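Colleague: Mapping the sequence shown onto the working numbering, position 163 (from 1) lands on 428, and the numbers just tick up by one.
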Amino acid sequence: GSAWISYIALGASILFAAGMDLLGSIQFPSTPTSDKRKLIAPVFSVFMGIAAVTFVLYLRSPPIFSEGAIELSHPIEGEWIVVTGGRSSFTNYHAGNPISQNYAVDLISNRGDSAGSTIHAPIAGIVIEAINDRTRGSPEPEGNVVIIGTNDNVRVWLAHLEPGSVIVERGDSLIVGQEIARCGSTGSAERAHLHIHAQKGEMPIAMRFGPGRKFLLRNDVISN
266 GSAWISYIAL GASILFAAGM DLLGSIQFPS TPTSDKRKLI APVFSVFMGI
316 AAVTFVLYLR SPPIFSEGAI ELSHPIEGEW IVVTGGRSSF TNYHAGNPIS
366 QNYAVDLISN RGDSAGSTIH APIAGIVIEA INDRTRGSPE PEGNVVIIGT
416 NDNVRVWLAH LEPGSVIVER GDSLIVGQEI ARCGSTGSAE RAHLHIHAQK
466 GEMPIAMRFG PGRKFLLRND VISN
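If you want it as structure tokens, here you go:
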């Protein structure tokens with residue numbers, strides 16, 4: 266995730282600084298020592314450090330030119346880890362795959378198998394779609410889904426739900442925190458996890474979760 270990327274940038278800057286320092290210590294008879302050359306390594310290191318921090322902040326922040334972020338409560342209980350999430354393909358498998366899922370988040374339980382975990386409505390709205398009879402490996406990659414529609418025409422998808430676990434129907438009104446299904450591995454899922462994304466038409470909508478309104482990035486841990 267973002268930590269891994271920043272570690273690479275930091276490591277590269279340290280190696281470069283060490284190499285430049287070594288070169289600066291070598292005395293060449295035909296080349297006078299230059300004070301300016303001694304500044305190359307520290308200046309580059311500072312630049313790389315700033316670049317690394319800026320890039321991590323970029324990954325952490327929701328896009329400012331999108332339709333605007335939607336605020337969601339945590340759809341699960343306990344401690345969960347983000348296995349894919351963020352605004353870039355560096356940390357999010359779903360980015361551009363398709364575009365409507367640019368800011369999708371996949372969650373797995375951090376304390377054992379995710380299968381069978383209760384899924385709650387992360388936002389109030391109307392059930393636009395509720396599919397309950399798909400199995401693992403079904404032609405539809407999303408498997409069983411509940412799609413919640415909001416007043417401003419945003420659609421929040423919760424996918425890969427366990428067969429037979431969806432307890433809401435199309436047209437139902439939901440309140441935040443209402444139980445809707447259980448976590449599963451239907452469709453293209455290789456393991457039990459919860460996929461969640463928001464879209465308006467075919468355009469992706471960034472999501473902020475929980476009281477801290479956090480834009481989730483890969484390797485983030487959330488608890489509820």
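Just so it is clear, CB atoms sit at the ideal spot from N, CA and C, and this is done for glycine as well.
Everything numeric in this text was worked out from a predicted model, so none of it was measured.
Just grab the DSSP bridge partners of PRO469 for me.
Modeller: The partner list for PRO469 (beta bridge, DSSP) reads GLN464.
Colleague: If you pair each beta-carbon of the region 479-489 with each one of the region 342-358, do three or more pairs fall below 8 Å?
Modeller: Flag = yes, the region 479-489 and the region 342-358 touch.
Colleague: Using a C-beta cutoff of 9 Å, does ILE364 count as contacting chain D?
Modeller: Note that chain D does not occur in the displayed structure, where there is just one protein chain.
Colleague: Would you decide whether MET468 is buried or exposed? Buried here means 16 or more other CB atoms lie within 10 Å of its CB.
Modeller: MET468 comes out exposed.
Colleague: Write down the C-beta distance between MET472 and ALA360 rounded to the nearest angstrom, noting that I regard them as a contact closer than 8 Å.
Modeller: That belief does not hold up - the Cβ atoms of MET472 and ALA360 are roughly 14 Å apart, past 8 Å.
Colleague: Starting from THR383, trace the beta strand (DSSP E) both ways and give me its first and last residue.
Modeller: Unbroken beta strand (DSSP E) run through THR383: 383-385.
Colleague: What does the Cβ neighbour count give for VAL441, buried or exposed, with the cut at 16 atoms within 10 Å?
Modeller: Exposed, because fewer than 16 other Cβ atoms sit within 10 Å of the Cβ of VAL441.
Colleague: Are VAL421 and HIS460 touching if we call contact CB-CB under 9 Å?
Modeller: Contact: no.
Colleague: State the DSSP-derived secondary structure class of ILE412, mapped to helix, strand or coil.
Modeller: ILE412 falls in the strand class under three-state DSSP.
Colleague: Just grab the DSSP bridge partners of ASP371 for me.
Modeller: Partner(s): THR349 and HIS460.
Colleague: Check each candidate in LEU439, ILE393, HIS425 and SER430 and name the one with the smallest Cα separation from ASN418.
Modeller: It is ILE393 whose Cα lies nearest to the Cα of ASN418.
Colleague: From what residue to what residue does the beta strand (DSSP E) around GLU342 run?
Modeller: Note, GLU342: premise wrong, no beta strand (DSSP E); not H, not E.
Colleague: Could you work out which residue in ARG435, THR415 and PRO428 is closest to SER450 when comparing CA atoms only?
Modeller: The residue with the shortest Cα to Cα distance from SER450 is PRO428.
Colleague: According to DSSP, is ILE335 helix, strand or coil?
Modeller: Strand, per DSSP.
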